[in-house]
Amino acid sequence: MKQVRVRFAPSPTGPLHIGGVRTALYNYLFSKKHNGKFILRIEDTDTNRFVPGAEAYIIESFNWLGIQFDEGVSFGGNYGPYRQSERKEIYKLYVKELLDKQLAYIAFDTPEELDTKRAEISNFQYDASTRMQMCNALTLSANEVAQRIANGDNYVVRIKIEPNQDIIVHDTIRGEVKINSSVLDDKVLYKSADELPTYHLANIVDDHLMEITHVIRGEEWLPSAPLHVLLYRYFGWEDTMPQFAHLPLLLKPDGNGKLSKRDGDRLGFPVFPLQWTDPKTGDTSAGYRENGYFPEAVVNFLALLGWNNGTEQELFSLDDLVHEFSLDRVSKSGAKFDYEKGKWFNHTYLIHKTDTELASLFMPIVQAKGHAITEAKLTHIVGLLKERAHFVADLWEQAAFFFEAPTQYDDKAVQKRWKETTASMLAELAVFIQSLPNIDDSTHTEETVKQWVETKGYGLGNVMNPLRLALVGELKGPHIFDITAILGKEETIKRIQKAIDTLG
RNA sequence: GGGGCGUUAGUCAAAUGGUAAAGACACCAUCCUUUCAAGGUGGAAACAUGGGUUCAAUUCCCAUACGCCCUACCA
Numbered sequence: 005m006k007q008v009r010v011r012f013a014p015s016p017t018g019p020l021h022i023g024g025v026r027t028a029l030y031n032y033l034f035s036k037k038h039n040g041k042f043i044l045r046i047e048d049t050d051t052n053r054f055v056p057g058a059e060a061y062i063i064e065s066f067n068w069l070g071i072q073f074d075e076g077v078s079f080g081g082n083y084g085p086y087r088q089s090e091r092k093e094i095y096k097l098y099v100k101e102l103l104d105k106q107l108a109y110i111a112f113d114t115p116e117e118l119d120t121k122r123a124e125i126s127n128f129q130y131d132a133s134t135r136m137q138m139c140n141a142l143t144l145s146a147n148e149v150a151q152r153i154a155n156g157d158n159y160v161v162r163i164k165i166e167p168n169q170d171i172i173v174h175d176t177i178r179g180e181v182k183i184n185s186s187v188l189d190d191k192v193l194y195k196s197a198d199e200l201p202t203y204h205l206a207n208i209v210d211d212h213l214m215e216i217t218h219v220i221r222g223e224e225w226l227p228s229a230p231l232h233v234l235l236y237r238y239f240g241w242e243d244t245m246p247q248f249a250h251l252p253l254l255l256k257p258d259g260n261g262k263l264s265k266r267d268g269d270r271l272g273f274p275v276f277p278l279q280w281t282d283p284k285t286g287d288t289s290a291g292y293r294e295n296g297y298f299p300e301a302v303v304n305f306l307a308l309l310g311w312n313n314g315t316e317q318e319l320f321s322l323d324d325l326v327h328e329f330s331l332d333r334v335s336k337s338g339a340k341f342d343y344e345k346g347k348w349f350n351h352t353y354l355i356h357k358t359d360t361e362l363a364s365l366f367m368p369i370v371q372a373k374g375h376a377i378t379e380a381k382l383t384h385i386v387g388l389l390k391e392r393a394h395f396v397a398d399l400w401e402q403a404a405f406f407f408e409a410p411t412q413y414d415d416k417a418v419q420k421r422w423k424e425t426t427a428s429m430l431a432e433l434a435v436f437i438q439s440l441p442n443i444d445d446s447t448h449t450e451e452t453v454k455q456w457v458e459t460k461g462y463g464l465g466n467v468m469n470p471l472r473l474a475l476v477g478e479l480k481g482p483h484i485f486d487i488t489a490i491l492g493k494e495e496t497i498k499r500i501q502k503a504i505d506t507l508g
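Residue numbers for the first sequence follow the numbering used here, beginning at 5 and rising by one.
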């Protein structure tokens, strides 16, 4: 069996959309599952839409996600160059072949002329029914054509499609898709203006030359797949044509339609893996990385948007996914992007991290807030409250009271828990705590204090809740004597005193 | 307008030609914790509609509706 070779072929027109990331992920999983190669090809045939920095962004994104390429731009390989703009001369050969075989023809119609035509004739399509009314090598004499080219007139090369033929595309995910060639137009394959092919030609030539075995791409390509099949046929490559698999789209969370950058801005979540600053406008778009996502959570979340392994398993490492992945289990319908579920994945991965690992991620945030703490102590703190956080940055909100004494107390909680007698009880408690040799052992302190409360006959709730209020400022957080152990005797007493002073 | 693809709870989704249609996120309740979170338990919530095939259809077929994608000298 031939070695599996798949490619991810983005266009460097801006930051990589999260839907593109999923497409790449599925390509990667498929290739690794079959011990094949995963190739990065840059499709920069549209000189107008080229955005500097986009290519580097793409490479950095996959690097962050842990998705590795075997070949391609910046990875090397024997099928290069992998940047289409560097393959100009190759495409010219194949354009010539099609021209020689009379399966394509030169056309001189300007964009303006085409626009007029479209305005004139509703549903205008450049095809067998109209091409003889246009300005091209089929309507012009050979001399005229040669003359125009010699004059330096811009032209394009269009594929010549015979009408009324059924073309069948075998799609791994959707089965057989049949389409009649009459609904296809004579697509532009090559433009003389920049001496570059369009996507359709470049993609067939490259996939063939790079010996791509499977084309796994977004559903938006399904309508042009028949054109691609035709191109393979024209070149005589049909027997080695790759297998197609068209992936369902990622849809916006509310309403319908393809997930877009605007949806992210509107609903407050990133649509790109990494933060991106538009070089022209300076506008910045949020990224998963900068928003505190773990790459493995993003991968897991994305993998499950359109695929599952048929079991109840939800947590998959990249290796698990490679092992489990199969195109048969990719769904046909689009998946709405559920950001809440994405957050849950991050939360789950966060909880599964070791306290040490989380502490070292959290340390810079604590330092930025102007606090110094030992690694060991922070590890302890993080362990106590990681279940309350979705992101590492959330940890600050949970941990702040360890570093900064409360300056105000939650109103509702005060009303409910701070009674007439509270101040005097807490004052006594402070004295009692002061009398303890130490409060380092949380369980021991708890027993001792509970005993004290019982002896006094105060009732646990009447003491514990106000105590929490004094220490934390609100009724939340880890076990209270875990808190006092970390705060230490002195600080604990100070905070009790402060609460008494402020709340009376 | 034309063409293609799709349609199971709010969302991701499983399974099945045959009596009660999984699971997860979100939501609600409850237990635990005298707090919050996490966790446990429970709850509400779905086969788009209409025909056909069949003893039997959510499952197969057709139509309709709805949605999406494509319809560029963009990919």
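C-beta atoms are modelled at their ideal positions from N, C-alpha and C, and glycine is treated no differently.
Tell me, which residues are paired with residue i by DSSP?
i: H174; result: E180
i: V334; result: W311
i: T281; result: T288
i: A339; result: L254
i: I443; result: Paired residue(s): none; I443 is not in a bridge.
i: V276; result: The residue you asked about is not Val; residue 276 is Phe in the sequence shown. In the DSSP output, where bridge partners are listed per residue, F276 has G291.
State buried or exposed for residue i, treating a residue as buried only when at least 16 other CB atoms are found within 10 Å of its CB.
i: E344; result: exposed
i: H327; result: exposed
i: A249; result: buried
i: R237; result: exposed
i: N140; result: buried
i: L235; result: buried
i: E458; result: exposed
i: R499; result: buried
i: H483; result: exposed
i: G310; result: buried
i: A60; result: exposed
i: T288; result: exposed
i: A229; result: buried
i: A376; result: exposed
i: L306; result: buried
According to DSSP, is residue i helix, strand or coil?
i: P201; result: strand
i: R45; result: coil
i: I220; result: strand
i: R392; result: helix
i: L193; result: strand
i: K262; result: strand
i: V160; result: strand
i: R293; result: coil
i: F406; result: helix
i: Q169; result: coil
i: N140; result: strand
i: Q247; result: strand
i: F12; result: strand
i: W241; result: coil
i: S228; result: helix
i: E451; result: helix
i: T134; result: coil
i: P19; result: coil
i: W400; result: helix
i: E494; result: helix
i: L475; result: helix
i: M214; result: coil
i: K6; result: coil
i: E424; result: coil
i: G465; result: helix
i: G24; result: helix
Could you check how far apart the C-beta atoms of residue i and residue j are, in whole angstroms? I think they sit under 8 angstroms.
i: K336; j: R178; result: 6 angstroms
i: L479; j: L473; result: 7 angstroms
i: R9; j: K41; result: 5 angstroms
i: I220; j: Y30; result: 6 angstroms
i: K262; j: L253; result: 6 angstroms
i: V233; j: V173; result: 6 angstroms
i: V529; j: M429; result: As displayed, the chain neither begins before 5 nor continues past 508, which places residue 529 out of reach and without an answer.
i: L475; j: Y413; result: No, L475 and Y413 are not in contact; Cβ-Cβ is about 11 angstroms, not under 8 angstroms.
i: D359; j: T383; result: 5 angstroms
i: G81; j: I46; result: So it is not a contact: roughly 13 angstroms between Cβ atoms.
Any alpha helix (DSSP H) of 4 or more consecutive residues that is wholly inside the region 32-117 | Taking 4 residues as the minimum length, the alpha helix (DSSP H) runs contained wholly in the region 32-117 are 58-69, 92-104, in order along the chain.
Counting only runs of 4+ residues fully inside the region 336-389, write out the alpha helix (DSSP H) ranges in chain order.
-> Runs found: 343-356, 359-372, 379-389.
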